[in-house]
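Numbering-wise (the working numbering), the sequence shown opens with residue 5 and increments by one.
Cβ coordinates follow ideal geometry from the N, Cα and C atoms, glycine included.
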Amino acid sequence: DLGKAIAIQCVVTNCSDGLDYLAMGKFFKGLASSGAWACFDEFNRIQLEVLSVIAQQVLCIQIAKAQKAVTFMFEGTLLSLNPTCCPFITMNPGTVSNVSSVMAVLRAAGNLKRSEGHLKEDTLVLRSIIDVNLPKFLSPDVPLFNGITSDLFPGIIVEPPDRTDMLEAIHHVCSQMGLQAVPNFIEKVIQIYEMMIVRHGFMVVGMPFSGKSSSWKVLADVLDTLHKKFPNDVRYTSVVVSVINPKSVTMGQLYGQFDDVSHEWTDGVLAINYRNLATSPTPDRKWLLFDGPVDAVWIENMNTVLDDNRKLCLMSGEIIAMSPVMSMMFEPMDLLVASPATVSRCGMIYMEPEQLGWQPLVDSWLDLTTIPPKDPTERKLYLTDDQRATVRTLTSWLVEPCLCFVRKELIELTTTVDANLIQSLLHIFEAEMLNVKAADVGTKKGLQHLESLFVFALVSPKHAGFTWSIGATSSTDGRTRFCEFLRAYMESMQVLTTKFVIVGRALQVRNWTKPTAFDTYTLAFPLPTKGNLHDYMYAVDDAKWIRWEDTLKEYTIPPASPFSAIVVPTTYTAQLECLVTLLVTCKRKVLVCGPTGTGKSCYLNGILNEKLSAEHFSVIMLSFSAKTSAYMTQNIIDGKLDKRRKGVYGPPVGKGAGYDLICILVSCVHEYCDVVCEALVIFQQCVQSLCIAYRSYCCSFTLDGIIFVDDLNMPQIETYGAQPPIELMRQFVDSGGWYDLKEMTWQKIVDTIVVTAMGPPGGGRNTISPRFQRHFNVFCFSEFDDATLVRIFSTIVAWYFNSGPFLPEIRKLADAVVAATLETYQNAMKVLLPTPKKSHYTFNLRDFSRVIQGIMLIPASDDFNTTGLVKLWVHESLRVIGDRLIDDEGRAWFCEFQRKMVAKHFSANFDKVFVSLKRGRDNGGAITPQDMRNLFFGDYRYTYS
């Protein structure tokens, strides 16, 4: 404002930590020569070593001004000096928050005055205060805000503006997009529109399933619909949207960067998209949407864009002004690490998933099932009216009580929201219903199948050690309790007032209406009354519940199999195989979470690479680590994808036996294309037709790509909590692609889904973004039960002892080896607990496996007896567990425990077996931990040892 008053040009530029002395030197040369002013905003963000050089540059100009020089030497360049030049700096701009908020209210009041000048000024001010501030409040704070405004503006009633046309368009667009036009969602769409009018920068904030993305997508389609209906109304114009995830790329790739050697400038994704939108001559509205976390690392560079300057300042010195029809939109989950300076410059619309609830998800899913498939071969679920009514009835009966039980009685291994659980329920139920015979759909038998499959998807006894969909994220004990609750509730809803009172009270808080029709309701195929529900599955073909163990086939380990390649079938493997196959074939994303050593990666590798057809699926394997970057992840995946057409990539397209022949024919056509004869023309036409037909054939048999990411939550967290590799994957899942880092153009990825595995947070593993997790069916593995462990390792040890010339007495001890190892492993986890001094006292199933694997290293021999096996087992236990112990107390306990295990499981005397380790020392004949340190097991008579 001062520069305008005295007619001096003032340039405002935003500083960042990437600004170097060369770029600043260009600024100062221009200032000194032109006599303009420059305001360097956020000056304190420049790196300290660069500030020292800048100080010398500023001092050079000040000395020249003090000497009233006409010309002066600046970094080797002779410049003319205009004495009106002056640099200014600003720091700590968080104090402008109140002023920015007031300015937003005044700006909104001014717009209302121009559009609705007949209203009184106090009414205009109150309405502008409500329009600007109400969208940012949580639902509990809204009554408090209304109370404050009623005290400040007594007796004033604000009439809502006429939005008839927009409301009709919102209902129409929601219907077209398969969404439910619930009142809260409509209100948020209108709030975004009103905020867009008064602010050129605003944020749509909220947890997953709150409707953030859907709201702005609906608004964009609404404005486009209204523009077609009212082409001359300037309020309604079509919308052009560019979406960027700012954390999926580096700062240099986002804004642009100088080459380290040539100092040549390269624009980033944001700079290119911003310039394209700012220079576009069309009257359409342009939205530059940043769909990702907001933190001080990247958004502070946009302060000059979000304030009244409305200009993007790049480190290259380029300043790009916003056009009047541009808006900067941000879609973060929260603002925990956003600075006050940024928040104060933006409008806020806060959205809560609790306001929408889970019912719209069910309604939208049921709406999709009303459309029959166009092609009989298409895998699309179609339900009759009776079936849809049954689904609505079952959801009203079962879903809300189960959700309340999970929230009040269980502890989740990975946090979810209600809508996430319902989405997974619907995915599993849909996949199961697709397996029902077409002849049964719509019949009484089909309805009976539907009932059982819905309960099956809800409880998911099919899903091994995890109860999904609604109980899948808890521990083993929690899943057992969940099944007990469900069984009791389905027998009588009175348990909500007797046995599960806390759940009943939670349902009252949620305003749940008890469905009286289910007081005496029973399923056509009732749940099993004996055993745990996890042990059963519903077989559609047999129309009954069967035990999972009855589905296992007899397994024979192939001869000479390496230990790492042996996978013994159990109920866990069978359930996971069925689950993953079921969902992947329906193109649903899967996330498997479980402790280290439970076989997540091994099982998923086997399912994806062996069980699924290689003719239909192409698997890309990734394994994250703490040092994995988004750039590395993108390069690996891009290298495995084929280019379909310009800007579109996907898994390789299948090429049949005729492909080589067609290539030969095409080359012949090109070789003799100069020869003109009627026969050749006909030949060319035939080859072209053949190419088109073959291309269509290949496309009809396009492979579906599966990106399998192991150790998903291993990437290191940045300073402000983001994980760039996960944000890159979320951009792919949300938007269907990412930006090519060379051309900076959008790269669409088709026919590809994601399957992931990870361990629970802790020990170097981090909590992943809920916005990424929301897309997955989450299944939580737990530790194997004792029966499963015994089945797995007894099968392996018995196979090894029976496959070589071992003595009969050794073959009989296969079960004893496993039992002793299991008891040792369990007691080590109970007694040898980790502390800050003993942080490495952590044991998992890999330790169990290492003991067994060490025993299987012994060569088959007929002179290897029971005493040798005892020594071998004790030695392997010492190497795996004993070598971790750092104090005498722990070693003494472990030695004594091994003495008990040898007596209990091998019926041998520990001290006599290891008498050779005494070396003449007398301790009453007992072996001490110090003696055991001398134990090294091996056969030193032969060179192979």
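When you compare the CB positions of residue i and residue j, do they come within less than 8 angstroms of one another, or not?
i	j	result
tyrosine 354	phenylalanine 206	no
asparagine 249	glutamate 731	yes
arginine 514	leucine 414	no
valine 309	methionine 332	yes
glutamate 130	phenylalanine 149	What sits at residue 130 in the sequence shown is leucine, not glutamate. No.
leucine 608	histidine 431	no
valine 226	lysine 290	no
aspartate 299	glutamate 335	no
leucine 128	leucine 110	no
valine 365	alanine 435	At residue 365 the sequence reads leucine, which differs from the valine that was named. No, the pair does not count as a contact, with Cβ atoms beyond the cut-off.
proline 599	glycine 763	yes
valine 177	isoleucine 134	no
cysteine 590	leucine 438	yes
proline 563	serine 807	yes
leucine 556	proline 405	no
threonine 799	valine 571	no
proline 774	phenylalanine 628	no
valine 222	valine 193	yes
Go ahead and label residue i buried or exposed: buried means 16 or more other beta carbons lie within 10 angstroms of its beta carbon, across all protein chains shown.
i	result
histidine 538	buried
leucine 281	buried
threonine 602	buried
valine 136	buried
asparagine 48	exposed
asparagine 717	buried
serine 843	exposed
leucine 55	exposed
histidine 909	buried
proline 840	exposed
glutamine 727	buried
Residues in the same chain with beta-carbon distance under 7 angstroms from residue i, minus the five sequence neighbours each way, listed in chain order, please.
i	result
methionine 199	Pro139, Phe206, Gly351, Ile353
cysteine 90	Trp41
histidine 267	Leu26
alanine 275	Tyr259, Gly260, Leu318
isoleucine 550	Tyr540, Met541, Ala543
For residue i, which of the options has the nearest alpha-carbon?
i	options	result
proline 834	His620, Phe918, Thr846	Reading off the sequence, residue 834 comes out as lysine, not proline. Here the closest residue by C-alpha is Thr846.
lysine 916	His620, Pro573, Thr870	Thr870
valine 106	Tyr635, Ile426, Ala40, Arg203	Arg203
glycine 542	Gly39, Ser456, Leu527, Leu370	Going by the sequence as given, residue 542 is tyrosine instead of glycine. Comparing Cα positions, the closest option is Ser456.
glutamate 813	Asp867, Lys557, Leu490	Asp867
lysine 412	Ile506, Ile710, Ala818, Thr270	Ile506
methionine 211	Ile12, Phe776, Asp714	Phe776
glycine 215	Ile885, Asp169, Ala630, Gln359	Gln359
glutamine 257	Ala510, Gly22, Val395	Gly22
alanine 185	Glu893, Ser154, Arg483, His175	His175
threonine 575	Phe785, Asn236, Ser565, Val238	Phe785
In the structure shown, what three-state DSSP assignment does residue i receive?
i	result
phenylalanine 941	coil
valine 265	coil
tyrosine 701	Note that tyrosine 701 scores a pLDDT of 45, beneath 50, so its modelled location is shaky; the value from the coordinates is reported in the next line. In the structure shown, tyrosine 701 sits in a helix (DSSP, three-state: H, G or I).
alanine 661	Legend: pLDDT at alanine 661 = 40, less than 50; position of this residue unreliable, no value from coordinates given.
proline 91	strand
lysine 30	helix
threonine 420	coil
isoleucine 710	strand
lysine 644	coil
Which residues in the same chain have their Cβ closer than 6 angstroms to the Cβ of residue i, if we skip the five residues on either side of it in sequence?
i	result
aspartate 646	Pro656
alanine 9	none
methionine 748	Val273, Ile276
serine 242	Asp228, His231, Asp288
glycine 886	Phe898
alanine 342	Val298
Taking only heavy atoms of the ligand ADP into account, decide whether any of them is closer than 7 angstroms to the Cβ of residue i.
i	result
asparagine 188	Ligands in the displayed structure: none, and consequently the ligand ADP is not present.
Going along the chain, which residues of its own chain have a beta-carbon closer than 8 angstroms to the beta-carbon of residue i, five neighbours each way excluded?
i	result
lysine 30	Gly321
asparagine 613	Val623
threonine 825	Phe797, Phe852, Val855, Ile856, Trp877, Ser881
valine 62	Phe32, Pro91
asparagine 307	Asn18, Asp45, Glu46, Pro97, Ala345, Thr346, Arg349
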